[in-house]
Amino acid sequence: MTETGYVHRLHAGAPDKPILLVLHGTGGDENQFFDFGRRLLPEATILSPRGDVSEHGAARFFRRTGEGVYDMPDLSRATEKMAAYVKAFADEHRASHILGLGFSNGANILANVLIEKGIFDAAILMHPLIPFQPEAQSTLAGRKVLMTAGQRDPIAPVSMTEALSEHLKNRGAEIRVVWHPGGHEIAPLEINAVRDFLGGY
Numbered sequence: 005m006t007e008t009g010y011v012h013r014l015h016a017g018a019p020d021k022p023i024l025l026v027l028h029g030t031g032g033d034e035n036q037f038f039d040f041g042r043r044l045l046p047e048a049t050i051l052s053p054r055g056d057v058s059e060h061g062a063a064r065f066f067r068r069t070g071e072g073v074y075d076m077p078d079l080s081r082a083t084e085k086m087a088a089y090v091k092a093f094a095d096e097h098r099a100s101h102i103l104g105l106g107f108s109n110g111a112n113i114l115a116n117v118l119i120e121k122g123i124f125d126a127a128i129l130m131h132p133l134i135p136f137q138p139e140a141q142s143t144l145a146g147r148k149v150l151m152t153a154g155q156r157d158p159i160a161p162v163s164m165t166e167a168l169s170e171h172l173k174n175r176g177a178e179i180r181v182v183w184h185p186g187g188h189e190i191a192p193l194e195i196n197a198v199r200d201f202l203g204g205y
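With the sequence shown counted from 1, adding 4 to any position gets you this note's numbering.
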């Protein structure tokens with residue numbers, strides 16, 4: 005692994021097809037969503053990195069000091085690194101669109117890259133938690149975002165999900181939020197929503 009890269013799995017798709025970045029949750033790895041990504045978009049390039057931060061042996065994409073308390077300088081480092089990493093692969097594979105799918109910690113880094121860099125054409129944020137008020141930067145007009153969340157999620161509260169949705173909407177992104185009645189687990193209706201969302205790519 006170089007300073008600019010991650011341990012990852014890669015499926016090289018056809019040129020002029022999308023690249024889909026899939027990002028695991030805390031304690032997951034590059035295998036967690038790789039096959040799911042391949043089934044979703046068989047012709048796309050699928051890129052699945054492993055988080056480069058270890059929290060008591062659990063892989064993450066940036067550090068935190070407690071549940072829902074982020075190490076903001078490390079989040080900034082991780083955001084710069086992830087944006088450059090994805091863009092390099094998208095250019096190399098001549099991707100038609102840059103798409104992202106992340107769960108939990110993976111959704112959080114994906115959301116922050118979208119917020120700060122805007123490089124994704126579409127993003128799927130599954131159970132994200134952005135526990136701070138992002139700065140309103142450049143427009144996100146033309147970007148599509150699917151957020152999925154649990155109404156009883158103890159890790160990603162409803163109010164935080166709604167605040168992130170509102171922030172992205174206010175910056176011009178097209179937002180769809182899908183709720184299920186449970187907690188931090190992924191429900192079947194979320195999988196169906198993801199399939200529908202990616203149907204146009």
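All residues carry an ideal CB built from backbone N, CA and C; glycine is no exception.
Opening and closing residue of the alpha helix (DSSP H) in which residue i lies
{"i": "GLY41", "result": "38-44"}
{"i": "HIS171", "result": "162-174"}
{"i": "THR83", "result": "76-96"}
Residues bridged to residue i [DSSP beta-bridge criterion]
{"i": "ALA126", "result": "LEU103 and LYS148"}
{"i": "HIS184", "result": "GLY154"}
Closest residue to residue i among the options (Cα-Cα distance)
{"i": "PRO185", "options": "PRO19, PRO135 and LEU193", "result": "LEU193"}
{"i": "ILE190", "options": "SER108, TYR205, VAL181 and PRO53", "result": "SER108"}
{"i": "ARG98", "options": "PHE201, PRO19, VAL182 and ASP200", "result": "PRO19"}
{"i": "PRO22", "options": "GLY72, GLY9, GLY154 and ALA94", "result": "ALA94"}
{"i": "ALA127", "options": "MET151, GLN137, GLU166 and THR165", "result": "MET151"}
Residue range of the unbroken beta strand (DSSP E) whose run includes residue i
{"i": "ARG64", "result": "62-64"}
{"i": "GLU257", "result": "The chain is shown only over 5 to 205; residue 257 falls outside these bounds and no answer can be derived."}
{"i": "ASP70", "result": "In the sequence as displayed, the identity of residue 70 is Gly instead of Asp. Element bounds for GLY70: 68-70."}
{"i": "ARG13", "result": "12-15"}
Proximal residues to residue i (C-beta, below 6 Å), its chain only, five neighbours per side dropped
{"i": "LEU24", "result": "GLY41, LEU45, ALA48, ILE50 and LEU103"}
{"i": "PHE124", "result": "ILE102, GLY104 and LEU118"}
Proximal residues to residue i (C-beta, below 7 Å), its chain only, five neighbours per side dropped
{"i": "GLU7", "result": "No answer about GLU7 holds up, because its pLDDT of 49 lies below 50 and its placement is not dependable."}
Supposed close pair residue i, residue j - CB separation, criterion 8 Å
{"i": "GLY55", "j": "HIS28", "result": "7 Å"}
{"i": "ALA177", "j": "LEU144", "result": "4 Å"}
Cβ shell of residue i (< 8 Å), same chain only, five flanking positions each side left out
{"i": "PHE201", "result": "ALA126, ILE128, LYS148, LEU150 and ARG180"}
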